[in-house]
Amino acid sequence: MPAVTETRETVEKLAKSSYEWGFETDIEMDIAPKGLNEETVRLISERKGEPQWMLDWRLKAFRAWLEMEEPTWAHIHHPPIDYQDAHYFAQPKKKPGPKSLDEVDPELLKTYAKLGIPLHEQALLAGVEGAEEARLPVAVDAVFDSVSVATTFRKTLAEAGVIFCPISEAIREHPELVRKYLGTVVPVSDNFFGALNSAVFTDGSFVYIPEGVRCPMELSTYFRINARNTGQFERTLIIAEDRATVSYLEGCTAPQRDENQLHAAVVELIAMEDASIKYSTVQNWYPGDDEGRGGIYNFVTKRGICRGARSKISWTQVETGSAITWKYPSCVLAGEGSVGEFYSVAVTNNHQQADTGTKMIHLAPNTRSTIIAKTISAGQSDSTYRGLVRMQPKARNARNFTQCDSLLIGDQCGAHTVPYIESRNMTARVEHEATTSKISEDQLFYCRSRGLSEEDAVGLIVNGFCREVLKELPMEFAVEAQKLLQISLEGSVG
Amino acid sequence: MSVQPIVAQETQALEAFIQRASGHGTALAETGLPTRRVEAWRYTPLRTIAETAWQQAAPLASESVAALLDGLPLPESGARMVYGNGRLLDGLSALPEAAGQGSDPVSPLRGVFSATLNMALGEKGLDLRIPAGTDAGLLTLISLCDGADVSTHLQHRIVLEDGASLTLYDVNAGEGRYVANPRFDIVVGKGAALRHIKLQRESLSGTHLAIVSADVSEKGEYDSFTLNQGGSLARHEAVVTLNAPHAMVHVNGVQIVDGQRLNDLTSMIHHAAPDGSSRQTVKTVLSDAGQGVFQGKILVDRVAQKTDGYQMNQALLLSEKAQINSKPELEIYADDVKCSHGATVGALDDEQLFYLRSRGVPEAQARDILVRAFLIDALDLVADETLRDLLGRSMES
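Chains as they are written, first to last, in UniProt numbering: chain C, 1 to 494; chain R, 1 to 397.
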């Protein structure tokens, strides 16, 4: 069967390439000592076989980072992060994980069960010791599966002329494209976490949609081989040429454990004339236990530029995980008549903290932006919407509409709204509205009187509250996201 | 969220202030003159005052007083207290009969630059105590400034005992280049009501940095309105605390900004007790290269259940070079609350203009009508008819 031959070839190629570039061989040697200095950056670049220009770029970022201070303006609190007390290349020696699923936080397992995740995947996600080895036969299968899936996909994509590969591969295979666009939206010295990412990013995705191409399928990190273990400093670059269209999904609804507490990803989107990029995220990193211990710190820089006229960038995000979320997916509207959108649901429970929002920078005439942000706080959590709408002098007849709604569940949480509105053009119009409320007794009573349990009632009401955002998600994501919202809020009522 | 003050020690202004404070300037030296990197001042840069060694103002000559008073929209009745260059002008001043003399010092207000500056250089202003259950009527407070490179730092303390009431008409005007930095320390007792109506018409090269703190007790009411209309740079800042149940607060305002001027209305409404309500409507009209700033924060503590907070902030841009920076902010820790804010920015509505033009109204007049209609919602919130008319007249000019 041709498929098998093809698959075997791919696996062989993959095995070979993982020997060349992989991190699973020679692990002992590949672990860089703890700490972050120029040597670390050089090591990462060397181990990834990068050309000189890439190393120079990383070093520039690193030097910029050294001059920068960690931002303190967000409404979040955490113990100081020691940037020298971490490995920046290869995985640190694994701390002894749970020996079996029996030792895993039962709450986590319950969640897995509710999301319908198979047992061996559960063990893997929870980081059970030996799960990697135990997975091997399965893994081959799994890799097999995903390879064949990936190849089929790759074929379809290649026929359309779409490039979709790990960014490390793109640096080797398509240096002219990477060099042209990398860092043009988020410059190396843009911000503290962005600079850190630029210096030490290990992998991520690269997407290039040629002129006039409508990407034949939704692209998802889930299907990308090698998607695992790139979480810590991920770098994504998506370019849509004139009249190109792409929808990209990031993340996974399953809560994932990761020993790396600090995550600092950078995502750059570039849309040319009449191009359209839709970027959807479901973020559900480990939020820590009920006391908030051990959760992920997620400091993300996401920004897109609408370079061409009538181009469009749309961000949709459902943020339920992480101990701390710090992220502001933004749009720079530089092309005349370009459109930026931001749809967000951020849920915090227990001791989670989220400071998230967007920036809409209107540079050109007739640009339009829409911001719909829904914030739900429960437990002892704090959630902040922080957004900026800026109308520059040339943004004639530009429009923005912003709506921020916060829902508080319980009297120990906080919900905050911090919008910045700056206008330098009289013909530009900005409208902003924000509300804060709790779930009304009437709504709860109504649902309860129809026989719904209190938790189901809250789930229903919350899903209704978030509807405007959830309907922007691609179908399969939307269904999972609804389930996820309900699970995230468990134990927050009654 | 605390913002690290950025100390800018090198400025001549700061050095002069600290020298004048002779020993009382420690807090000021620590804070420094805020730069744009200080969040609270990101839209209102103080660089225009940074390089001047501001000196104490000389007593104001009586002819300057007369000239400055002339043309100010002032009520005919009621008590009047007039300050010139930071000193009480006895001949022109009398307290309301019902007002008693207070004896408390002005309380410090940490972390607010205008208050820190005022504490370092404070000059004695009003010190009132309105006895329980007394209506002290109308008091017009006039603060005049005239000079070159001088500054005044009046300190006013106003205490309303339980059930007392007072209408304070707070008029600010001047001539020349100066910094007026008044501080109001206001205490509103149980069931008491203070109406604080302010007119800011500083000189076109003057700087106005006012800071009001008001603590409002059970069922007390602090009802304020500020018309920001003058100064090359003017900030009215209010920190209002609802510290007992059922308090009621209004922090309204209108800003009319033209030329190269910058007017700023910054407020913090702090709900620290249950069942409070606050209302805020601020409208800004900008023409020429005027810059408007609105920063309004509503903070609701965990204990402040059943809070009802509403804030509306609108800006009208009438010229290509005008600029508005607006930051309405909600920080909420209680769940059983009703809080909302809205903000809009835009130009005059073309359709409305067209409608009026098609009825034969000349363009300039049509614009005028629409601008007036825009502002009237806010002005109507001034309950006192006499003062509302006076402010209306001031807005016309």
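By construction, the Cβ of each residue, glycine as well, lies at the ideal position given by its N, Cα and C atoms.
Using a CB distance cut-off of 7 Å, C/Val-462 does not count as an interface residue toward chain R.
Per DSSP, R/Tyr-43 lies in no beta strand (DSSP E) and is assigned neither H nor E. Scanning the segment 394 to 479 of chain C from its first residue to its last, the whole alpha helix (DSSP H) runs of 4-plus residues come out as 441 to 449, 454 to 465 and 467 to 470.
Listed by position along chain R, the residues whose Cβ is nearer than 7 Å to that of C/Thr-417 are Glu-329 and Leu-330. Under the three-state reduction of DSSP, R/Ile-49 is assigned to helix.
With its beta carbon at least 7 Å from every one in chain C, R/His-271 lies outside the interface.
Residue state for C/Glu-39 is assigned as helix, using DSSP reduced to three classes.
At a cut-off of 7 Å between beta carbons, R/Gln-323 contacts chain C.
The alpha-carbon of R/Asn-172 is positioned some 30 Å away from that of R/Ala-347. In the three-state scheme derived from DSSP, where H, G and I count as helix and E and B as strand, R/Asn-172 is classed as strand. In this structure, DSSP gives R/Val-212 an extended state, which the three-state scheme calls strand. Taking C-alpha positions only, C/Glu-241 is separated from C/Arg-399 by approximately 25 Å. Only residues of its own chain outside the window of five on either side were considered, and among them Thr-167 and Asp-223 have a CB closer than 6 Å to the CB of R/Arg-195, listed in chain order. Here R/Thr-266 is actually not in contact with R/Ile-49; their C-beta atoms are around 17 Å apart, not less than 8 Å. With its beta carbon less than 7 Å from one in chain R, C/Glu-433 belongs to the interface. Note on C/Leu-66: under 16 other CB atoms within 10 angstroms of its CB, so exposed under the neighbour-count rule. R/Gly-111 has a beta carbon lying at 7 Å or more from every beta carbon in chain C. Excluding its 5 nearest sequence neighbours in each direction, C/Gly-35 has C-beta neighbours in its own chain below 6 Å: Gln-84, listed in chain order. In this structure, the alpha-carbon of C/Ala-373 lies about 43 Å from that of R/Val-159.
Taken atom to atom, the span from the alpha-carbon of C/Lys-327 to that of R/Ser-103 is near 51 Å. The shortest C-alpha to C-alpha distance from C/Met-54 to any of C/Thr-202, C/Pro-210 and C/Val-458 is the one to C/Thr-202. By the neighbour-count definition (other C-beta atoms within 10 Å, threshold 16), C/Lys-155 is an exposed residue. Just so you know, the alpha carbons of R/Gly-174 and R/Gly-122 end up roughly 19 Å apart. The DSSP-derived three-state label of R/Ser-114 is helix. Beta-bridge pairing by DSSP links C/Tyr-279 to C/Tyr-248 and C/Trp-315. DSSP places R/Gly-86 in the coil class of the three-state scheme, outside both helix and strand. In the same chain as R/Ser-277, and ignoring 5 residues on each side of it, the C-beta atoms closer than 6 Å to its own belong to Met-248 and Asp-308, in chain order. Nearest C-alpha to R/Ala-238 among R/Phe-17, R/Leu-109, R/Ser-62 and R/Arg-261: R/Leu-109. R/Phe-17: member of the alpha helix (DSSP H) spanning 12 to 21, first to last residue.
In this chain, the alpha helix (DSSP H) harbouring R/Glu-63 covers 62 to 69. With a cutoff of 7 Å on beta-carbon distance, R/Pro-274 and R/Lys-306 are scored as near each other.
Listed in chain order, the non-local C-beta contacts of R/Gly-125 below 6 Å within the same chain comprise Leu-154, Gln-155 and His-156, local neighbours out to five positions each way being set aside. When DSSP reads this structure, C/Asp-190 sits in no beta bridge, so it has no partner.
Against chain C, the CB of R/Leu-242 has no partner CB under 7 Å away; the residue lies outside that interface.
Using a CB distance cut-off of 7 Å, R/Val-345 counts as an interface residue toward chain C.
C/Glu-441 and R/Gln-311 have their C-alpha atoms spaced approximately 25 Å apart.
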